[in-house]
Amino acid sequence: MIDQVQIYVKGGRGGHGGMTFHRAKYIPKGGPDGGNGGKGGSVIIQASYGMRTLAPFKYKKKFQATDGGDGASSKSSGKNGGDVIVKVPVGTIVKDRTTGEVLADLCEDGQTVVAAQGGRGGLGNYNFTTSTRQSPRFAQGGSKGEERTLLLELKLIADVGLLGFPNVGKSTFLSVVTKANPKIGNYPFTTIDPNLGVVEWKNFDSFVIADVPGIIEGASEGVGLGLRFLRHIERTKLFLHFLDVSETALLSGEDPINCFEKINNELKQYNPKMLDKPQIVVLSKADMADQNVLEEVTQKLKEKNYPVFAISSVTNKGVDELLGYTITKLKEIPDQKSSLLDQEAASESSNRVYSLKRRKPDFLIEVQHRGDEKVFVVTGDFDQLIHSVNFDDLTSTRYFQKRLKDAGVFAALEKEGIQEEDIVSIEGIEFEYFI
1 MIDQVQIYVK GGRGGHGGMT FHRAKYIPKG GPDGGNGGKG GSVIIQASYG MRTLAPFKYK
61 KKFQATDGGD GASSKSSGKN GGDVIVKVPV GTIVKDRTTG EVLADLCEDG QTVVAAQGGR
121 GGLGNYNFTT STRQSPRFAQ GGSKGEERTL LLELKLIADV GLLGFPNVGK STFLSVVTKA
181 NPKIGNYPFT TIDPNLGVVE WKNFDSFVIA DVPGIIEGAS EGVGLGLRFL RHIERTKLFL
241 HFLDVSETAL LSGEDPINCF EKINNELKQY NPKMLDKPQI VVLSKADMAD QNVLEEVTQK
301 LKEKNYPVFA ISSVTNKGVD ELLGYTITKL KEIPDQKSSL LDQEAASESS NRVYSLKRRK
361 PDFLIEVQHR GDEKVFVVTG DFDQLIHSVN FDDLTSTRYF QKRLKDAGVF AALEKEGIQE
421 EDIVSIEGIE FEYFI
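Note that full-length UniProt numbering has the sequence shown beginning at 1, numbered continuously upward.
Here's what the structure looks like:
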């Protein structure tokens with residue numbers, strides 16, 4: 001089962017460089033001293049064993065880092081923006097929603113990927129002094145942070161496995177506590193593959209639960225599809241062991257304690273370590289049980305040091321208490337990579353984190369017509385440049401023109417057939433073109 005969620009991430013904008021001049025007593029003509037802007041914060045995605053599902057992202061889908069501070073006088077640099085750490089379960093694949101590109105496969109605890117890089121801080125005006133430009137009246141603006149929509153994908157591996165013979169109420173329980181939609185009925189095997197569902201509990205706690213198709217006697221020897229079923233629950237952290245205690249089951253000759261021992265024997269025959277996993281015994285269909293039988297079965301199981309919960313999935317009796325106890329037990333169990341990742345899948349997956357490269361500052365030119373005028377709209381990574389220009393200052397304007405020329409914009413405009421006095425538009429700023 002693949003769990004998927006879409007989120008939006010945005011890096012903080014870089015702070016603008018300062019455009020200031022030194023002012024002090026006895027120094028009437030102090031030089032430029034505008035400090036650099038701080039860099040914008042980044043959005044970083046980090047794999048964590050503390051996360052089990054992507055359920056928390058149903059409630060929060062937007063993550064934005066803070067902007068960098070602007071540069072100030074005395075060459076004081078602006079404060080860097082704060083990063084935002086977004087924690088996801090180990091095994092999460094991060095994709096760009098627009099391109100479908102896989103950005104990272106987070107297979108290790110603590111592994112990170114920068115999902116949205118913060119913008120660069122702009123340079124203060126003191127950086128632009130030259131022998132011929134000693135008092136620059138412009139500074140560099142901070143660049144925008146990256147923003148993108150991501151698709152997070154997680155192959156769900158169950159934390160909790162439901163044990164029990166066919167028709168003991170496991171599928172009904174799963175349908176009640178999750179949004180899974182298993183087939184429910186008197187089937188020898190409910191399905192070939194386990195039904196997985198995510199249980200969302202209070203305080204945003206969640207865990208993955210698997211209804212493994214009913215195990216029959218001899219499963220450890222391959223009877224039916226037993227071996228395949230047992231492999232599924234081998235990776236879970238604990239078991240909810242279901243026993244049917246209804247009067248109907250007792251009348252048909254089923255002894256709950258005998259059923260309990262048979263299932264555990266199959267686990268032991270398959271892999272003795274399976275019995276080391278914690279088991280919570282669930283007395284299912286308690287609303288149809290004889291009270292004396294309930295008390296007797298409960299007493300016998302507690303003598304074996306098993307926690308016991310009598311529930312009814314139909315009336316919800318005891319369900320909340322069972323889920324709360326299960327959450328508590330899961331938190332007590334140390335996280336192991338093997339319990340979260342299918343070993344076969346882990347051996348095939350790459351632990352490599354894909355480095356996210358900044359988009360190239362390429363540009364596009366679109367020719368638009370506004371009445372008799374031609375408007376050449378240039379789009380690209382010019383945001384930082386535009387914010388660095390003081391168009392009322394000749395020196396600043398010349399710097400702007402040189403940057404455009406060096407980027408190849410003028411040559412591209414000439415290829416598009418631009419003429420004198422045609423309009424050029426960049427980032428909403430318009431000016432007439434002159435050769």
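Ideal Cβ positions, reconstructed from N, Cα and C, are used throughout, including at glycine.
Small disclaimer: the values here were computed from a predicted structure and weren't measured.
Between G121 and the set S175, G17, D211, the nearest pair of CA atoms involves G17. Counting along the chain, the unbroken beta strand (DSSP E) around F239 starts and ends at 238–244. With contacts defined as CB atoms closer than 8 Å, V245 and A289 qualify as a contacting pair. The three-state reading of DSSP puts R398 in helix, counting H, G and I together. Leaving aside the five residues that flank G69 on each side, the residues in its chain whose CB is nearer than 6 Å to its CB run, in chain order, G15, G38, G78, K79. In terms of Cβ geometry, V176 and T236 do not form a close pair [threshold 8 Å].
DSSP places L283 in the strand class (E or B) of the three-state scheme.
Under DSSP, the beta-bridge partners assigned to L364 are T379.
For secondary structure counted as the beta strand (DSSP E) over 3 or more consecutive residues, the UniProt domain "Obg" (1–157) holds these complete runs in sequence order: 2–10, 43–48, 62–64, 84–89, 92–96, 102–106, 112–116, 147–155. For D105, the closest alpha carbon among the candidates L151, N127, S76 is that of L151. In this structure, F239 is the residue among E247, S252, F239 with its C-alpha nearest to the C-alpha of L267.
Membership of I263 in the alpha helix (DSSP H) is indicated by the continuous run 256–270. Here the alpha carbons of H387 and Q6 stand approximately 32 Å from one another.
Ranked by Cα distance from H369, the first of V409, S425, T130 is S425.
Around the Cβ of S143, a 10 Å sphere holds 16 or more other Cβ atoms; the residue is buried.
Assignment of A210 by DSSP, reduced to helix, strand and coil, places it in the strand class. The residue among R398, W201, E234 with its C-alpha nearest the C-alpha of Q269 is E234. In the three-state scheme derived from DSSP, where H, G and I count as helix and E and B as strand, E373 is classed as strand. Counting the other Cβ atoms within 10 Å of the Cβ of V9 gives 16 or more, which makes it buried. For E421, the secondary structure class from DSSP, reduced to helix, strand or coil, is coil.
Just measuring C-alpha positions, the residue of V378, Y399, R403 sitting nearest I418 is V378.
Beta-bridge annotation (DSSP): N195 is paired with D211. A Cβ-Cβ contact shorter than 8 Å links G169 with S284. For K317, the secondary structure class from DSSP, reduced to helix, strand or coil, is strand. Cβ contact annotation for L404 (same chain, cutoff 7 Å, sequence separation greater than five): F410, in chain order. Inter-residue distance for G71 and K329 is about 52 Å (C-alpha atoms, whole angstroms).
Counting only the Cα atoms, T178 lies some 60 Å from N125.
T315 sits away from V308, with the two beta carbons spaced by 8 Å or more.
Using a 10 angstroms sphere on the CB of I257, the tally of other CB atoms stays under 16, which defines it as exposed. The residue among M51, I280, H22 with its C-alpha nearest the C-alpha of T92 is M51. Going by DSSP, L301 is part of the alpha helix (DSSP H) stretching over 291–303. If you draw a straight line from the Cα of L385 to the Cα of F431, it comes to about 15 Å.
A Cβ-Cβ distance of about 7 Å is found for the pair G145 and Q117, placing them in contact under the 8 Å criterion. Taking all protein chains shown into account, L174 has 16 or more neighbouring C-beta atoms within 10 Å of its C-beta and is therefore buried. For the pair V113 and L103, the Cα-to-Cα distance works out to about 8 Å. The beta carbon of V199 is closer than 7 Å to those of V177, T178, S206, F207, I209, L323 in its chain, skipping five residues each way along the sequence.
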